[in-house]
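Residue numbering for the sequence shown is 0 to 494, as defined by numbering that gives the first Met the number 0.
Ideal placement from N, C-alpha and C gives every residue a C-beta, glycine not left out.
It should be emphasised that the depicted structure is a prediction, and the values quoted were computed from it without experimental measurement.
Here is the structure we will look at, set down as C-alpha cells.
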Amino acid sequence: MTTHQDDGGPGHGPSLDAALDAAAAEQVAVNQAAGRRTMALGRALAAARSEPTAMLDVAVARVASTTAQRRAQVAHRALVSEVACALGVSEHRARALLADAEVLADRAPGTMAALCAGRISYQHAAKLADGVADLPPSAAAEVEAAVLERAASLPPGRFGALVRTARDRLHPVPAEVRREAAALKADVWLDDGKDGMSWLTAHVPTPVAHAAYDRLARTAAGAKASGDARGTGQLRAATLAALLLDGQPAGDEPGPAAGCPTTAPSSVQPPGTPDFLVTLARGVRPIVHVTVPIQTLSGDGEQPGTLNGATPVDAEAARHLAARAPTLRRVLTDPVDGAMLTVDRRRYVVPADLRAFLTARDVTCRFPGCAVPTARCDVDHTVDWADDGTTDAGNLAHLCRAHHTLKHESRWTVEQLDGGVLAWTSPRGRTYLTSPGAADHAIGQLDGWAAEAASLAAELVPVPNSGGDETSTGPPDPRAGPAPGRHESGIDPPF
0 MTTHQDDGGP GHGPSLDAAL DAAAAEQVAV NQAAGRRTMA LGRALAAARS EPTAMLDVAV
60 ARVASTTAQR RAQVAHRALV SEVACALGVS EHRARALLAD AEVLADRAPG TMAALCAGRI
120 SYQHAAKLAD GVADLPPSAA AEVEAAVLER AASLPPGRFG ALVRTARDRL HPVPAEVRRE
180 AAALKADVWL DDGKDGMSWL TAHVPTPVAH AAYDRLARTA AGAKASGDAR GTGQLRAATL
240 AALLLDGQPA GDEPGPAAGC PTTAPSSVQP PGTPDFLVTL ARGVRPIVHV TVPIQTLSGD
300 GEQPGTLNGA TPVDAEAARH LAARAPTLRR VLTDPVDGAM LTVDRRRYVV PADLRAFLTA
360 RDVTCRFPGC AVPTARCDVD HTVDWADDGT TDAGNLAHLC RAHHTLKHES RWTVEQLDGG
420 VLAWTSPRGR TYLTSPGAAD HAIGQLDGWA AEAASLAAEL VPVPNSGGDE TSTGPPDPRA
480 GPAPGRHESG IDPPF
C-alpha cells in the first residue's frame with residue numbers, strides 16, 4: 000500500500016499544486032476586479048465632466064467669475080479627492096487611477112478588455128496606459144497592437160520596457176523634442192521609510208542619472224579598496240549625502256541663509272549653469288526640526304521624538320539631535336506659561352503662540368489623507384472669519400494650498416468638532432473624520448498639568464565638521480506623501 004505524502008506535511012494539508020492553482024485563480028479574480036474598478040472610475044470621470052457644477056460651490060463669487068477651464072480644473076481636483084477618500088487611497092494614487100481609466104477606455108480598449116477578462120494584471124495595464132497617454136489615437140493603437148500579445152508572458156517591469164521601446168519607435172514627435180519637454184518635469188521626492196530611514200528619489204535626464212550613479216559607484220568602490228568596511232550600497236548612500244551636504248553653515252545666526260538664498264553671489268556663473276546651482280546650494284543651511292517629549296529629553300522616559308513634524312525617531316537619536324540644536328522652543332505650554340490659544344474674533348491674524356500650538360497639534364494638512372507638513376500649509380479659519388468665525392484653536396486648522404482652495408471653491412465642506420477633529424463632507428455627501436496629526440505624539444502624551452510642557456521643538460542646523468552624521472530631510476514634496484504613488488509630475492517612484 001502506498002501512502003501519498005504531499006508538501007504540506009505528513010498525511011495532511013493542501014498540496015503545493017493545489018495551493019498554487021488557488022493563488023493563480025485568485026489573481027485572475029483580482030485582475031478582473033481591477034478591470035471593473037477601472038471601468039467604474041471611467042464612468043465617474045465622465046459623469047463629473049458632464050456636470051462640473053456638481054463638484055463646485057458656484058455660489059462663491061470667485062468661482063462663478065473664473066474661466067470655464069479653471070472651473071473644470073477645480074472640479075477635477077474635487078473629484079480626485081472624492082475618489083481618494085472613497086477608495087481609501089492617496090490623492091496621488093486616485094489621480095493616477097483616474098488617468099489610467101481615461102487612457103484605457105479611449106486609447107487602449109484591447110488592454111482594458113484583457114484586464115477585465117483577468118488575462119493581465121493592473122500593473123501591466125498601467126504600464127501600457129502610461130506609455131500611450133500622450134500619443135495620438137492612431138499611434139496608441141499601433142503601440143497596443145505591437146505589445147499586448149506579450150503582456151501575459153512578461154512581468155510588469157519587462158513589459159513596461161517593451162512598451163517604451165514601441166512608443167519610442169512609433170511616436171510622431173522627434174525624440175529630441177520629447178526629451179526637452181520631459182526634462183521640464185525633473186524633480187526630487189522624499190518618502191519616509193521605517194527604522195529611521197527614508198528614500199530620496201530623483202527623476203532626472205537619463206545621461207545625468209547614469210553619470211551620477213557611476214560617480215557614486217566608483218567612489219564607493221575606491222573607498223572599499225582603501226579599507227572601508229561598510230557595504231557597497233551603504234558607501235554609495237554615504238557618498239551621495241557627503242556630496243549634497245558638504246557646504247558649511249552660512250553663519251551662526253538664523254537668517255535668510257537658513258532657507259533659500261534670496262540673491263546669488265556676483266561671482267557665480269549665470270542662472271541655468273551647474274556652477275550657479277552648486278554655489279547656491281553651498282549657501283543654504285539645511286534645517287531639521289525635531290520635537291522631543293520633555294521626559295525623553297531629561298532622561299526620564301524613552302518616548303520617541305518626531306522629525307519635521309511627522310517622522311518618528313528613537314529616543315536616543317532625538318536626544319542627540321536636540322543636544323546639537325542651537326535653539327530650543329517650548330510648545331504646548333498653555334498650562335505652564337499661559338500661551339494665548341484664543342483671541343478676540345475681531346483679530347484675523349493668528350498670533351505666534353497660537354500658531355505654534357496649531358503647528359504642533361496638526362503636524363500636516365488636515366484634509367483626509369494629505370501629508371503636506373504644516374510648514375508648507377496655510378492656517379485656515381474653519382468658519383470663515385468674514386462669517387463671524389473666531390481666531391482660536393477651535394476654529395483654526397492647517398490646510399495645504401491645494402486643499403485650502405478646494406475648501407473655498409468646491410462643494411467640499413468642513414466642520415471642526417471637539418478636540419480639533421475635522422468632519423469633512425464630500426460633494427457627494429460622504430463624511431470623513433480627520434484627527435490632529437499629533438494625537439499619537441506630543442498631545443497624546445499629555446497627562447494633564449503634570450506633563451508640563453509636553454515637548455520641546457528644536458531647530459537643528461548641521462555643525463561644521465560634524466562628519467556627515469546629520470542629514471536634512473527638508474520639506475517633503477506635496478505629492479510625496481507617506482504612501483508610494485504617482486507624484487506631482489505624474490511619475491511613479493521606483494519602489
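Length-filtered (4 minimum) alpha helix (DSSP H) runs lying within the stretch 51-94: 60-63 and 67-86
- request: Can you give me the start and stop residues for the alpha helix (DSSP H) that residue 147 sits inside?
  value: Here residue 147 belongs to no alpha helix (DSSP H), and DSSP marks it neither H nor E.
field: residue 389 versus 405, 422, 353 and 359, residue with shortest Cα-Cα distance
entry: 353
task: Indicate the three-state DSSP secondary structure (helix, strand or coil) for residue 411 in the structure shown.
output: coil
- prompt: Does the distance from the C-beta atom of residue 97 to that of residue 55 stay below 7 Å?
  reply: no
query: To which residues does DSSP link residue 212 through a beta bridge?
result: DSSP, once it has assigned bridges, lists no residue as partnering residue 212.
- request: Spatial neighbours of residue 107 within its chain, please: CB distance less than 7 Å, with the 5 preceding and 5 following residues excluded, ordered by chain position.
  value: 127, 128, 131, 139 and 143
- prompt: Expressed to the nearest angstrom, what Euclidean distance is found between the alpha-carbon atoms of residue 359 and residue 209?
  reply: 41 Å
- prompt: Can you find a heavy atom of the ligand ATP that lies under 6 Å from the Cβ of residue 154?
  reply: Ligands in the displayed structure: none, and consequently the ligand ATP is not present.
task: Leaving out five residues on either side along the sequence, give the residues of the same chain with a beta carbon under 7 Å from the beta carbon of residue 400.
output: 377
Residue environment, residue 102, which counts as buried when at least 16 other CB atoms sit within 10 Å: buried
message: I'd like the list of long-range same chain contacts for residue 121, defined as Cβ closer than 6 Å, with 5 residues on each side in sequence excluded.
response: 33
- prompt: How would you label residue 26, buried or exposed, when you count the other beta carbons within 10 angstroms and need 16 or more for buried?
  reply: exposed
- prompt: Helix or strand or just coil, what does DSSP make of residue 304?
  reply: strand
query: Are the Cβ atoms of residue 104 and residue 156 separated by less than 7 Å?
result: no
- prompt: So does the stretch 421-434 actually touch the stretch 66-82, counting three or more Cβ pairs closer than 8 Å?
  reply: yes
- prompt: Would residue 498 pass as a contact of residue 363 if the rule is Cβ separation under 7 Å?
  reply: There is no way to answer for residue 498, as the model of the chain reaches only from 0 to 494.
Residue(s) in a DSSP beta bridge with residue 182: Bridge partners of residue 182: none, in fact.
- prompt: What is the DSSP secondary structure of residue 170, counted as helix, strand or coil?
  reply: coil
Residue 100 vs residue 37 beta-carbon contact at 7 Å: yes
- request: Could you work out which residue in 405, 432 and 379 is closest to residue 495 when comparing CA atoms only?
  value: The displayed coordinates of the chain run from 0 to 494. Any statement about residue 495 would go beyond what the structure contains.
message: Using a Cβ-Cβ cutoff of less than 8 Å, which residues in the same chain neighbour residue 166 once the five nearest sequence positions on both sides are dropped?
response: 130, 131, 134 and 142
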